[in-house]
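J.: Following this message is one structure expressed as structure tokens.
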Amino acid sequence: MGRYTATHVSPNGAGDARPTALEIVKDNDLEGKLTGKIIVVTGTSSGIGIETARALSATGATLFLPVRDTKAAEAALEGILEPGRVSLVQLDNNSFRSVKAAAETILKHSNNKVNILVANAGIMGVPERTLTEDGHEVHFQTNHLSHFLLFHLLKPALLASSTPEFNSRVVLVASSAHRAVTLLDSDNYDFEKGNYDAQLAYAHSKLVNIYVANEIERRYGSKGLHGISINPGIIGETKMARSMGPEVVAQIMSDPYLVSILKSHEQGAATTVLAAIGKEWEGKGGKYLEDAEEAKRGQDDNQPLGVGWAKQTYDPECEARIWKDSLRIVGVSDDV
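Counting from 1, position 319 in the sequence shown corresponds to residue 319 in full-length UniProt numbering; the numbering is continuous, with no gaps.
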């Protein structure tokens, strides 16, 4: 049984006894202890991204926070932005050009050092098939391809920054929604064949996030660079929650069980922070976490709001395929 297992047995809604992101930092005795470490967190202008940044800032690490809307982020992160230690970087995940520029900025100002990358930025529920400036379906690029490219651009720094005492980590924020889908065909990642569905597009991108984390561990774990995927849980009152539409939100709020497992923003960021800096995950990866611990084998594999990992969560063949395809799509070479 994990440290936080008992607090998740009988949840009582947002703000209950389940841990917050800052509590994870305190429980790991890491307040002010990561001075000199470099952490990159995408998508920190709203939702759990804000609380992820706040908690990780408490470690004393230097934070680079790539965001699309820097003005919104400045307002959201008031009180923790600190010149030279916690700073914003402009990055639009709809654009590979923007990703490359952001990576260049991060590497320049970090002196080519990165210890932790948290891929948190994401979108959900775009009602009609929409393509980015690079010609890819917007969920697929925003939630996956741009993070995949950012990882590869920062990978040399992540590998070089790893030490035996403090291995580097990549944390990909996924979702329980991945439980309801399987990997799309290689010639249909952007729904080229039609039949676009917003929920499918989102869930598929989250499944791919998990596959990338698993493949990072397989390829680089022995080199001191680890990949971990996480499910933050169901968070009330976020932009992503509202994007599900009023009918879905009403359904959630009318279900006593779903209301009981809702988390606050602070609680929703807890598993991300645990994966990023938790001492129990030092030197380990390749796992899917939820509720501040490694997820157990779940039931009802097709249930998007289900608990635990599903049969498709771990699939080496699909992981290798999406990795190879993504390298081709973003235009980087494989070095393993």
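Note that beta-carbon positions come from the ideal geometry of N, C-alpha and C, so glycine has one too. All of these numbers come straight from a predicted model, not from anything done at the bench.
Measuring CB to CB, does Leu258 end up less than 8 Å from Ile277?
T.: Taking 8 Å as the Cβ cut-off, Leu258 and Ile277 do not qualify as a contacting pair.
J.: By Cβ distance, which residues of its chain are closer than 7 Å to Glu133, with the 5 residues on each side in sequence left out?
T.: Cβ within range, chain order: Asn94, Ser95.
J.: In three-state DSSP terms, what is Gly49?
T.: In this structure, Gly49 counts as helix in the three-state DSSP scheme.
J.: Check whether the Cβ atoms of Val171 and Ile228 sit closer than 8 Å, and answer yes or no.
T.: Contact: yes.
J.: Would you decide whether Gln299 is buried or exposed? Buried here means 16 or more other CB atoms lie within 10 Å of its CB.
T.: Under this definition Gln299 is an exposed residue.
J.: For a quick check, are the C-beta atoms of Thr105 and Thr272 less than 8 Å apart?
T.: Their beta carbons are not under 8 Å apart, which means Thr105 does not touch Thr272 by this criterion.
J.: Just confirm the distance between the C-beta atoms of Ser45 and Ala73, as a whole number of angstroms; I'd bet it's less than 8 Å.
T.: Sure, about 4 Å apart at Cβ, within 8 Å.
J.: Output yes or no for whether 8 Å exceeds the beta carbon distance between residue 341 and Phe140.
T.: For residue 341 there is no data in the structure shown, the boundaries of the chain being 1 and 336.
J.: I need the DSSP call for Pro11, collapsed to helix, strand or coil.
T.: Reduced to three states, the DSSP call for Pro11 is coil.
J.: For the alpha helix (DSSP H) that contains Glu266, what are its first and last residues?
T.: Segment 265–268, the alpha helix (DSSP H) holding Glu266.
J.: Helix, strand or coil for Gln141? Go by DSSP, reduced to three states.
T.: Three-state result, Gln141: helix.
J.: Assuming the contact rule is C-beta atoms closer than 8 Å, Gly15 and Ser264 should be a hit. Round their C-beta distance to whole Å, please.
T.: Contact flag correct, Cβ pair sits at about 5 Å.
J.: Going straight from the alpha carbon of Pro11 to that of Gly135, what length do you get?
T.: Straight-line Cα distance between these residues: approximately 43 Å.
J.: Roughly how many angstroms lie between the CA atoms of Leu65 and Val40, to the nearest whole one?
T.: Distance between the alpha carbons of Leu65 and Val40 is about 6 Å.
J.: With DSSP as the reference, label Ser168 as helix, strand or coil.
T.: The answer is strand: DSSP assigns Ser168 an E or B state.
J.: Note down the Cα distance separating His147 from Ala119, rounded to an integer number of angstroms.
T.: When rounded, the distance between both Cα atoms is 6 Å.
J.: Hey, is Ile39's beta-carbon within less than 8 Å of any beta-carbon in chain C?
T.: Although the question refers to chain C, the structure presented lacks it and comprises just one protein chain.
J.: With distances taken between CB atoms, is the gap from Ala103 to Pro304 smaller than 8 Å?
T.: For Ala103 and Pro304, no; Cβs fall outside 8 Å.
J.: Could you pull out every residue in the same chain whose Cβ sits closer than 7 Å to the Cβ of Gly13, ignoring the five residues on either side in sequence?
T.: Only Val259, Ser260, Leu262 meet the Cβ criterion.
J.: Is Ser333 buried or exposed, if buried means 16 or more other CB atoms sit within 10 Å of its CB?
T.: The residue is exposed, with fewer than 16 neighbouring Cβ atoms inside 10 Å.
J.: Rank Ala270, Tyr288, Ser162, Ile123 by C-alpha distance to the C-alpha of Asp27 and give the top, closest one.
T.: For the residues Ala270, Tyr288, Ser162, Ile123, the minimum Cα distance to Asp27 belongs to Ala270.
J.: Consult DSSP for Gln90 and reduce its assignment to one of helix, strand or coil.
T.: Three-state DSSP puts Gln90 in a strand.
J.: Contact check, Trp309 vs Ala295 under 8 Å by CB: the rounded distance?
T.: Sure, about 5 Å apart at Cβ, within 8 Å.
J.: What is the DSSP secondary structure of Val31, reduced to helix, strand or coil?
T.: A small correction: the amino acid at residue 31 is Glu; Val does not occupy that position in the sequence shown. Note: Glu31 maps to coil in three-state DSSP.
J.: So Val126 and Ala198 are in contact, right, with Cβ under 8 Å, and what is the actual spacing, rounded?
T.: Yes, Val126 and Ala198 are in contact; Cβ-Cβ is about 6 Å, under 8 Å.
J.: In the DSSP assignment, find the unbroken alpha helix (DSSP H) run with Asn214 in it and report its ends.
T.: 198–220 is the extent of the alpha helix (DSSP H) around Asn214.
J.: I think Leu225 touches Leu158, with their Cβ atoms under 8 Å apart; what is that distance to the nearest whole Å?
T.: Confirmed, Cβ separation roughly 5 Å.
J.: Specify the secondary structure class of Val114 as computed by DSSP and reduced to three states.
T.: Correct three-state label for Val114: coil.
J.: Report yes if the C-beta distance between Glu266 and Thr35 is below 8 Å; otherwise report no.
T.: No.
J.: With C-beta atoms as the reference, is Arg129 less than 8 Å away from Tyr220?
T.: Not closer than 8 Å, so no.
J.: Measure the Cβ-Cβ separation of Thr70 and Leu56 and say whether it is below 8 Å.
T.: Contact flag unset, no.
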